[in-house]
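Engineer: Just add 988 to wherever you are in the sequence shown, counting from 1, and you've got the working numbering.
For glycine and all other residues, C-beta sits at the position ideal for the given N, C-alpha and C.
Can you read through this structure? Questions will come right after.
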Amino acid sequence: KIGENLQPYQYIPYTDRMDYLAGMNNNQAFSIAVERLSGMEVPERAQYLRVLFAELNRIASHLVAFGTYGMDMGALTPFWYAFREREMILDLFENACGARLTYSYITVGGVRDDLPDGFLDVVEEFLDYFEPKIDEYNQLLSFNHIFVKRTAGVGVISAADAMGWALTGPCLRGSGVRWDLRKSAPYEIYDRFEFDVPIGLPGGSDGIPRSIVVGDCWSRYYVRMLEMAQSCRIIRQAMREVPAGAVLAPKLKNLKLPADEVYVEIENPRGQLGFYIQGDGTQIPSRVKARGPSFSNVSILNHVGAGCLLADIPAIVGSVDIVLGEVDR
């Protein structure tokens, strides 16, 4: 309802506060929807910067999922490891836009500011440092015997159930369904980059513990670990190819939305985030609707948790990786 009483550029800060662990991705989804509705051309440099920041935010979000899931299972140490690296990403965000949680950096027409001097060099240094850490995380938690015993074969969601309950993101891919909007329905410039879409695999394949069942808690967790490495691949490619030029389209204020409608979905860290916007020829949308991934993903918990041990509930809930700000919004 707030979105139906503000000009689109004024609504951007509200998107930060839905999934507050993925503000960049939320900014991006709403901005793309407005741009498609209005026919706005986004400068190419801005599109590259959007991808760069969206993938950094994906890593930062998955680090929280990794660290807090370890705590859910009784392991405190991974939390400190995860937040050590996450702080480095937040430092990058703060350097670019002044904020560490709610950014409003990606906006209608591009991004608010160009990169600070030497920013890409610092990002490259971070990636050189971070990529080996993923193996360290896996040694610390992913293949830890106790952690595997707590998550393997627990909370199994079949591919049919995942699609029937409209799960998206790692919850869907953990069930073995290779569906990622960055590949399946590319937006921005994702079709220019090479990367893989990790999915849940049966135990015994590709180094997966033999007790793992496709669609279990461990599979959903491990997909996020693999996705961090793929995000690093995308970021490196974007940094090599980013062109010079403007970062924001002109005439953002007093933008009139045509009497038409649009629905746009993007792949945020928790799944498919969609915005429906309806214009009526004025500066303010007549209808705005958000489709949040956490809201849909959490709906399966009653189904998958039925009949399980009470001690398994934290493992199941944690593996879904919901953000209640986006569920409740």
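Whose C-beta lies closer than 7 Å to the C-beta of V1252 among residues of the same chain, with five residues either side of it excluded?
Structural biologist: For the purposes of this step, residue 1252 is identified with residue 264 of the sequence shown, where counting begins at 1. Excluding sequence neighbours, V1252 sits near A1017, I1020, A1021, R1024, G1262, F1263.
Engineer: Tell me the DSSP secondary structure of V1276 in three-state form.
Structural biologist: What you label residue 1276 is simply residue 288 of the sequence shown in a count that begins at 1. Strand at V1276.
Engineer: Would DSSP call T1003 helix, strand or coil?
Structural biologist: Taking the sequence shown and counting its residues from 1, the one referred to as residue 1003 is at position 15. The answer is helix: DSSP assigns T1003 an H, G or I state.
Engineer: In the segment 1025 to 1076, which residue ranges form an unbroken alpha helix (DSSP H) of at least 4 residues, counting only runs that do not cross its ends?
Structural biologist: DSSP runs (the alpha helix (DSSP H)) wholly in the segment 1025 to 1076: 1032 to 1060.
Engineer: What is the rounded straight-line gap between the Cα of G1203 and the Cα of G1233?
Structural biologist: For the purposes of this step, residue 1203 is taken as the residue at position 215 of the sequence shown. For the purposes of this step, residue 1233 is taken as the residue at position 245 of the sequence shown. Distance between the alpha carbons of G1203 and G1233: 44 Å.
Engineer: So what's F1263 in DSSP terms, helix, strand or just coil?
Structural biologist: By one-based count along the sequence shown, residue 1263 stands at place 275. In the structure shown, F1263 sits in a strand (DSSP, three-state: E or B).
Engineer: Consult DSSP for E1314 and reduce its assignment to one of helix, strand or coil.
Structural biologist: Here residue 1314 refers to the residue found at position 326 when the sequence shown is read from its first residue. Helix, per DSSP.
Engineer: Determine the DSSP secondary structure at V1110, reduced to helix, strand or coil.
Structural biologist: Against the sequence shown, residue 1110 aligns to sequence position 122. Helix.
Engineer: Looking at the strands, I want to know which residues DSSP matches up with Y1251.
Structural biologist: Numbered from 1 along the sequence shown, position 263 holds the residue referred to as residue 1251. Y1251 is bridged to Y1264.
Engineer: Just the Cα atoms here: how many angstroms apart are Q1035 and A1042?
Structural biologist: Looking up residue 1035 in the sequence shown gives position 47. Looking up residue 1042 in the sequence shown gives position 54. Cα to Cα, the separation comes out at about 10 Å.
Engineer: Whole angstroms is fine: what's the gap from A1147's alpha carbon to T1270's?
Structural biologist: For this step, residue 1147 is matched to residue 159 along the sequence shown. For this step, residue 1270 is matched to residue 282 along the sequence shown. Approximately 44 Å between the Cα atoms of the pair.
Engineer: Within the same chain, show all residues whose beta-carbon is closer than 7 Å to that of R1074, passing over the 5 residues directly before and after it, in chain order.
Structural biologist: Counting from one through the sequence shown, the residue named residue 1074 turns up at place 86. Within the same chain, R1074 has close Cβ partners A1048, L1051, V1052.
Engineer: Is E1229 a contact residue of the ligand FAD, with contact defined as CB to any heavy atom under 7 Å?
Structural biologist: Absent from the structure shown: the ligand FAD. Ligands present: none.
Engineer: Mark S1362 as exposed unless 16 or more other C-beta atoms lie within 10 angstroms of its C-beta, in which case mark it buried.
Structural biologist: Here the chain comprises residues numbered 989 to 1317, so residue 1362 is not present and cannot be evaluated.
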